[in-house]
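Input: a single structure, listed below in structure tokens.
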Amino acid sequence: MRRSVFIAGLAATLSLGMGALGVGQKSFDASAQQKPETTEVKIDNFTFGPAALTVPVGATVTWTNKDDIPHTVVSTDDPKAFKSKVLDTDEKFSFTFSKAGTYPYFCSIHPKMTGKVIVQ
Ligand SMILES: [Cu+2]
Numbered sequence: 021m022r023r024s025v026f027i028a029g030l031a032a033t034l035s036l037g038m039g040a041l042g043v044g045q046k047s048f049d050a051s052a053q054q055k056p057e058t059t060e061v062k063i064d065n066f067t068f069g070p071a072a073l074t075v076p077v078g079a080t081v082t083w084t085n086k087d088d089i090p091h092t093v094v095s096t097d098d099p100k101a102f103k104s105k106v107l108d109t110d111e112k113f114s115f116t117f118s119k120a121g122t123y124p125y126f127c128s129i130h131p132k133m134t135g136k137v138i139v140q
């Protein structure tokens with residue numbers, strides 16, 4: 021009798037603990053998995069937004085030119101990690117970051133426009 025009550029109590033405690041762990045794990049995974057889908061950089065008013073973007077390794081970042089003037093997205097690394105063509109309004113450029121690191125970039129038409137992607 022006593023023993024089964026103890027076991028039931030233990031099981032309840034265990035499943036509660038596991039449940040809490042499971043929930044924590046789940047929300048962590050969800051946020052990690054959602055990040056790659058929100059890796060959008062908008063180019064608007066001569067600005068990359070966000071100017072600094074942190075993404076997980078393997079994420080694809082898409083830049084969209086929301087300005088009514090052409091812009092480019094060009095890596096400042098040597099050799100260049102990526103380089104877009106000239107993007108007209110609403111044109112997009114995507115790049116997949118398969119290695120961790122910091123990737124600074126700029127607009128070759130307006131060199132004062134800078135941004136960076138941090139891949140972790
Ligand atoms: Cu530009």
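Heads up, this note's numbering is the position in the sequence shown plus 20, with the first residue counted as 1. Virtual Cβ for every residue (Gly too), placed ideally from N, Cα, C. Here the structure is a predicted model, which means the values were calculated and not measured.
- Contact annotation, V139 with K119: C-beta distance approximately 7 Å; criterion of less than 8 Å satisfied.
- In terms of Cβ geometry, F117 and V137 form a close pair [threshold 8 Å].
- The beta carbons of D87 and F66 sit closer together than 8 Å.
- Less than 8 Å separates the beta-carbon of P124 from that of T96.
- About 6 Å separates the Cβ atoms of T84 and K62, confirming a contact at the 8 Å cut-off.
- By alpha-carbon distance to L107, the top candidate from G121, H130 and K100 is H130.
- Note on G135: 16 or more other CB atoms within 10 angstroms of its CB, so buried under the neighbour-count rule.
- The residue among T122, F102 and L73 with its C-alpha nearest the C-alpha of S128 is F102.
- One alpha carbon belongs to K132, the other to T122, and they sit about 19 Å apart.
- S114 and G78 have their C-alpha atoms some 12 Å from each other.
- Exclusion of F102 from the 7 Å shell around ligand 1 follows from its C-beta lying no nearer than that to any non-hydrogen atom of the ligand.
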